[in-house]
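Number of protein chains: 2
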Amino acid sequence: MKLATYKNGSRDGRLLVVSRDLTRAVDAAAVAPTMQQLIEDWAARAPRLQALSDRLNAGPVVGEFAFDPAMCLSPLPRTHQFVDASAFLNHGHIMEEAYQLSVKKTPGIPVLVQRQSDDFWGPCDDYPLAEADNGDFEGEFAVIVDDTPMASSPEVCASKIRLVMILNDVSMRAHLFRELQMGFGFINAKPATVFGPVAVTPDELGEAWHADGRIHLNMNVSRNGEWFGHPNGREMDWSFGELLARLGLNRNLRAGTILGTGTVSNKAARAVGSACLAEKRALEKIETGDSTTTFLKLGDRLRFEAFGADGQSIFGAVDHRFVPFKSEQ
Amino acid sequence: MKLATYKNGSRDGRLLVVSRDLTRAVDAAAVAPTMQQLIEDWAARAPRLQALSDRLNAGPVVGEFAFDPAMCLSPLPRTHQFVDASAFLNHGHIMEEAYQLSVKKTPGIPVLVQRQSDDFWGPCDDYPLAEADNGDFEGEFAVIVDDTPMASSPEVCASKIRLVMILNDVSMRAHLFRELQMGFGFINAKPATVFGPVAVTPDELGEAWHADGRIHLNMNVSRNGEWFGHPNGREMDWSFGELLARLGLNRNLRAGTILGTGTVSNKAARAVGSACLAEKRALEKIETGDSTTTFLKLGDRLRFEAFGADGQSIFGAVDHRFVPFKSEQ
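Just so you know, the sequences run in chain order A and B. Numbering follows numbering that gives the first Met the number 0, with no gaps: position 171 of the first sequence is 170. Numbering follows numbering that gives the first Met the number 0, with no gaps: position 216 of the second sequence is 215.
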């Protein structure tokens, strides 16, 4: 099934079931008013929403309406834990080569970054950019998990994945390089994150939800209507189960925990493109000694989307413009 | 006023108003069933709870009962953002000297660490330790803030502080050194955090809630009934307002955001003691070349508490034992 959260003036919005073709929706309130309530009580409520989804995909249902992604908050508008991985080592290798970084990784241990989860941004909302000279995007996949006890195996962790999303992990590169060198993770490097309008159960991905614990889909990224890249999720160096097991090594993961993949990156980046500006700039620097691609400019419009084998958009699109920040003060 | 959250089988527990002397409590459900609901609607609900608190402190009220910290969850059992600072530079200096660390700080920019907030541990609950050779504690103060718009000034940020708490920031030092060198912040270094049983409005601190934006209270730490340290919060190198302003430089902070101070540390550490094992071990190493204080042992009992000028415990105590972790699998 496919789920979205509409704006209704509240912090958590109202949960919708969306048709597979993303054209129609119906309110989920009778089963679960919000995504948070659903994810906390998945076993009891998800089957009833699945039945509603089946009816919606079969034909007209009472109360259905046209689905409008511009009305959406993030599918889970806020949550209690968001962790982003850097699960495509290829991206790190390119960055380290271009900028002579020496990240002291431990072989076998994935990079995971604890992130803020109090204020996700809507998928089609104008995005206020506080600094217009070092902003970047990162196209990623993510999963939402159910309660997962401390020290669970990768197999148990994988069995706790309930929903899949896409996201633009907006990044400020000047802060990122500074904070990475300091060692304590990202604060000013990562303003609000933007998830795609629709979260889907893994079965909606068909064979692209692969037995190897990875998502075999292209992440299609365009900037101002022009192709930027379409790297595929299959090259993740760890499976979702492995990433979650490392995260939960000595702590419980509570229902609603979101795990992102990190920017999707392929070894054939020169052919398939990148999912972030920094990687493209790094490739340019490696090849010519200089980067010509610019960081985000005010007015830039970005689109992130993934399509199934049948050509259907799976999650809808993150489709947003970057605008000047205006202080409320 | 003083507030606590009792266990009731739910994820968010039930909110209580607690008497100033921490002996009596009354249910807050008629005003706000949970701390999350209170903090999201502070302006409307806090005055009514304050009135209830005033009545409770004046004499018997209908429905009051004896307050038992062992029945408590964290005052805010989970939230949407927890950030811990390292606001006592003295602690960092000691660690860097002892272990020849070279943390690349930028002058004027405080260290802030994004942390998980999905699974706080109860203040008196046995704490399961997955590894018994590198566990540590950190005695800290923390504040809970209301909605704070992006790019607010330190003064505006300070005005959004609603509640004050204490905490034990449980830390795994072997992971911490590894993760600090990698640069992406803390994951396995920081299992569940343990807040004291009672959150209080700043006025409950009297003059210890100082005009300089710091908490002028001793953090009293004991290990197995023996004094370990009582460093004072007044030596914070940034005020709470300054820390929050840096955190919110390019993003909104949403109601319920918790900001911790980092381990309390004083220049007179040799006299007043430390609030964590690592600092004491570092001081031993600097002085003798070796550390004799051991990391946490199974069965260790820790207590963290702060007292007002009148000798009254302000927040109650984090008072817990470290026990072997038993897998649920």
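Ideal Cβ positions, reconstructed from N, Cα and C, are used throughout, including at glycine.
Test: residue i CB closer than 8 Å to a CB of chain B
{"i": "A/Gln-80", "result": "yes"}
Interface residues of chain B facing residue i [CB-CB closer than 7 Å]
{"i": "A/Ile-186", "result": "Leu-111, Gln-113 and Leu-246"}
Residue i CB to nearest heavy atom of the ligand MN below 7 Å
{"i": "A/Glu-283", "result": "By its list of ligands, the structure shown contains no ligand whatsoever, and the ligand MN lies outside what it can speak to."}
Under 9 Å from the C-beta of residue i: neighbouring residues of chain A
{"i": "B/Arg-177", "result": "Lys-103, Thr-105 and Ile-108"}
Interface partners of residue i on chain A, CB under 8 Å
{"i": "B/Arg-253", "result": "Arg-10, Arg-77, Asp-117 and Asp-118"}
Where residue i meets chain A, residues with beta-carbon distance less than 7 Å
{"i": "B/Ala-329", "result": "Any property of residue 329 of chain B remains undetermined from this structure, which presents chain B solely from 0 to 328."}
The beta strand (DSSP E) enclosing residue i, as first and last residue numbers
{"i": "A/Asn-219", "result": "219-222"}
{"i": "B/Met-164", "result": "160-167"}
{"i": "B/Glu-304", "result": "300-304"}
{"i": "A/Ile-257", "result": "256-259"}
{"i": "A/Asp-26", "result": "23-26"}
{"i": "B/Trp-120", "result": "Counting along the chain, B/Trp-120 falls outside any beta strand (DSSP E), and DSSP gives it neither H nor E."}
{"i": "A/Leu-48", "result": "That residue, A/Leu-48, is in no beta strand (DSSP E); its alpha helix (DSSP H) goes 41-57."}
{"i": "B/Phe-176", "result": "From DSSP, B/Phe-176 is part of no beta strand (DSSP E) but of the alpha helix (DSSP H) over 172-181."}
{"i": "B/Lys-1", "result": "1-5"}
{"i": "A/Glu-225", "result": "225-228"}
Test: residue i CB closer than 8 Å to a CB of chain A
{"i": "B/Asn-181", "result": "Asn is not the amino acid found at residue 181 of chain B; the sequence shown has Met there. Yes, because at least one Cβ of chain A sits closer than 8 Å to the Cβ of B/Met-181."}
Proximal residues of chain B, C-beta to C-beta of residue i below 8 Å
{"i": "A/Glu-39", "result": "Arg-10"}
{"i": "A/Thr-256", "result": "Asp-117"}
As assigned by DSSP and simplified to three states, the class of residue i
{"i": "A/Lys-284", "result": "helix"}
{"i": "A/Pro-196", "result": "coil"}
{"i": "A/His-79", "result": "coil"}
{"i": "B/Ser-18", "result": "coil"}
{"i": "A/Ile-108", "result": "coil"}
{"i": "B/His-319", "result": "strand"}
{"i": "B/Cys-156", "result": "helix"}
{"i": "B/Phe-239", "result": "helix"}
{"i": "A/Glu-203", "result": "helix"}
{"i": "A/Arg-213", "result": "coil"}
{"i": "A/Phe-324", "result": "coil"}
{"i": "B/Met-149", "result": "coil"}
{"i": "A/Pro-190", "result": "coil"}
{"i": "B/Pro-127", "result": "strand"}
{"i": "B/Ala-29", "result": "coil"}
{"i": "B/Arg-13", "result": "strand"}
{"i": "B/Gln-36", "result": "helix"}
{"i": "B/Ala-308", "result": "coil"}
{"i": "A/Ala-65", "result": "strand"}
{"i": "A/Ala-244", "result": "helix"}
{"i": "A/Gly-232", "result": "helix"}
{"i": "B/Leu-72", "result": "coil"}
{"i": "A/Leu-297", "result": "coil"}
{"i": "B/Ala-274", "result": "coil"}
Residue range of the alpha helix (DSSP H) that includes residue i
{"i": "B/His-90", "result": "88-98"}
{"i": "A/Ala-271", "result": "Before going further, note that residue 271 of chain A is Val rather than Ala in the sequence given. Per DSSP, A/Val-271 belongs to the alpha helix (DSSP H) from 268-271."}
{"i": "A/Ile-143", "result": "Where A/Ile-143 is concerned, there is no enclosing alpha helix (DSSP H), although the beta strand (DSSP E) it sits in stretches over 138-144."}
Cutoff 8 Å: residue i Cβ touching any chain C Cβ
{"i": "B/Glu-154", "result": "No chain C is part of this structure, whose protein chains are labelled A and B."}
Practice prompt. Note down, in chain order, all residues in the stretch 91-117 of chain A with a beta-carbon under 7 Å from any beta-carbon belonging to chain B.
Written response: Of all residues in the stretch 91-117 of chain A, Val-102, Lys-103, Lys-104, Thr-105, Val-110, Leu-111, Val-112, Gln-113, Arg-114, Gln-115, Ser-116 and Asp-117 have a Cβ within less than 7 Å of some Cβ in chain B.
Practice prompt. With 8 Å as the limit, tell me which residues of the stretch 137-171 of chain A have their beta carbon closer than that to any beta carbon of chain B; keep them in chain order.
Written response: Listed by position, the residues of the stretch 137-171 of chain A near chain B (Cβ gap below 8 Å) are Pro-148, Met-149, Ala-150, Ser-151, Ser-152, Val-155 and Met-171.
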